[in-house]
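Residue numbers (the numbering used here): 3 to 158. Virtual Cβ for every residue (Gly too), placed ideally from N, Cα, C.
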């Protein structure tokens with residue numbers, strides 16, 4: 003449903019004001035769902051988690067928060083090389099919304115380039131499999147972390 007019926011809007015407030023015709027989705031058991039505003043409301047949570055009571059940053063703000071923790075000399079390079087991956091980024095409008103938000107949040111004149119590969123729903127898995135196959139890569143198990151706490155990261 004997410005990849006075929008849901009979408010990310012550029013302006014949530016404006017989209018909420020629209021009268022949208024319902025869309026339908028047929029489940030594997032042949033029952034039909036009628037979808038209205040939830041088609042974009044579910045995606046908006048990625049950008050405004052406060053809509054469901056979460057006190058977390060949305061995707062766009064997370065990018066900006068990451069930049070704040072990095073040397074300013076690297077900001078331009080990083081803003082022009084943003085790679086999005088994972089199936090959620092395939093929702094119609096995701097890349098456009100992220101781009102729009104980042105332009106609003108970044109200094110004037112910033113060059114923002116978002117790289118969205120066609121098969122990005124499997125990029126995370128592929129990257130993890132490449133990393134896991136590298137010799138010398140050390141892993142921390144969940145049990146080790148529970149036993150030793152965060153200090154285990156510096157000991158491995």
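> For residue 101, which option in 23, 51, 40, 13 has the closest C-alpha, if you only look at C-alpha atoms?
Replying inline: 13
>> If you reduce the DSSP assignment to three classes, tell me which class residue 65 lands in.
In response: helix
> If residue 60 sits next to residue 51, beta carbons under 8 angstroms apart, how far is it from one beta carbon to the other, in whole angstroms?
Replying inline: 6 angstroms
> Of the choices 114, 40, 138, 45, whose alpha-carbon is the least far from that of residue 94?
Replying inline: With distances taken between CA atoms, residue 94 lies nearest to 45 out of 114, 40, 138, 45.
> In chain order, what residues of the same chain lie with their CB nearer than 6 angstroms to the CB of residue 115, ignoring the 5 residues before and after it?
Replying inline: Here the set comprises 82.
> Counting pairs of beta carbons, one from the stretch 62–78 and one from the stretch 122–134, are three or more of them closer than 8 angstroms?
Replying inline: no
>> Assess contact between the stretch 106–125 and the stretch 148–155, defined as three or more Cβ pairs (one per stretch) separated by less than 8 angstroms. Is contact present?
In response: No: fewer than three Cβ pairs fall under 8 angstroms.
>> Between which two residues does the beta strand (DSSP E) holding residue 146 run?
In response: Looking at the DSSP string, residue 146 is not in any beta strand (DSSP E); the run it does join, the alpha helix (DSSP H), is 144–150.
> Quick one: Cα of residue 9 to Cα of residue 3, how far?
Replying inline: 10 angstroms
> With 16 other CB atoms within 10 Å as the buried threshold, where does residue 147 fall?
Replying inline: exposed
>> Assuming contact is defined by CB atoms lying nearer than 8 angstroms, are residue 22 and residue 38 in contact in what I supplied?
In response: yes
>> Please tell me whether residue 35 and residue 65 are closer than 8 angstroms, where the distance is taken between their beta carbons.
In response: no
>> I need the boundaries of the beta strand (DSSP E) containing residue 84, first residue and last residue.
In response: 84–86
> Looking only at C-alpha atoms, which of 99, 40, 133 sits nearest to residue 20?
Replying inline: Comparing Cα-Cα distances from residue 20 to each of 99, 40, 133, the minimum goes to 40.
>> Can you tell me which residues form a DSSP beta bridge with residue 118?
In response: Paired residue(s): 86.
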